[in-house]
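Counting in my numbering, the sequence shown runs from 97 upward without gaps. For each residue, glycine too, the CB sits at the ideal point set by N, CA and C. Heads up, the thing below is written out as structure tokens.
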Amino acid sequence: MKKKEIVILALVVAALVAALLLMNIIGSHGGRRLEITVNGEEYQSFVLTDQTNMHFTIETPDGYNEVVITNGVVDVVDADCHNHVCVDTKPASKIFDKIVCLPHKVVIEIVGDDGEMD
Ligand SMILES: [Zn+2]
């Protein structure tokens, strides 16, 4: 009897943990920010949603990176850096996805939005 209670308790705890994890995943999916830094300094930062569609160019002292965002998926489509690693990097759409252009010191990163107003 005692053992059965422990098993039930463990199942309830496991279900709660699973529910919390699921809420976290759904929650974090709804709150994404795109953060762009150039040479370690913030260049641009904005909320990213599945409805975000943009096309812009990051101008740096070392060159440019052309960015296209299609339905919240971020891609570097063109740049005048010498290695084009940033252009070859697969599009970013999830938190922790990152596109880096080392020659231009550009970091394009998706981070979780903690809901802070700014
Ligand atoms: Zn590059």
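Exercise. So, is the C-beta of residue 147 closer than 9 Å to a C-beta in chain B?
Worked result: The structure shown has no chain B; it contains just one protein chain.
Problem set entry | 9 Å Cβ cutoff met for residue 206 and residue 183 | Position 110 of the sequence shown holds residue 206. Position 87 of the sequence shown holds residue 183. Contact flag unset, no.
Exercise. Considering residue 209, what are the terminal residues of the beta strand (DSSP E) in which it resides?
Worked result: As a first step, residue 209 is located in the sequence shown; it is residue number 113 there, counting from the start. Residue 209 -> no beta strand (DSSP E), and no H or E assigned at all.
Exercise. Heavy atom of ligand 3 less than 8 Å from the Cβ of residue 202, yes or no?
Worked result: Summarising the ligand content, the structure contains ligand 1 and does not contain ligand 3.
For this session: Less than 8 Å between the CB atoms is what I'm expecting for residue 129 and residue 209, so what's the real figure, rounded?
Result: Walking along the sequence shown from the start, residue 129 turns up at place 33. Walking along the sequence shown from the start, residue 209 turns up at place 113. Going by Cβ atoms, the distance from residue 129 to residue 209 rounds to 5 Å, so yes, they are a contact pair.
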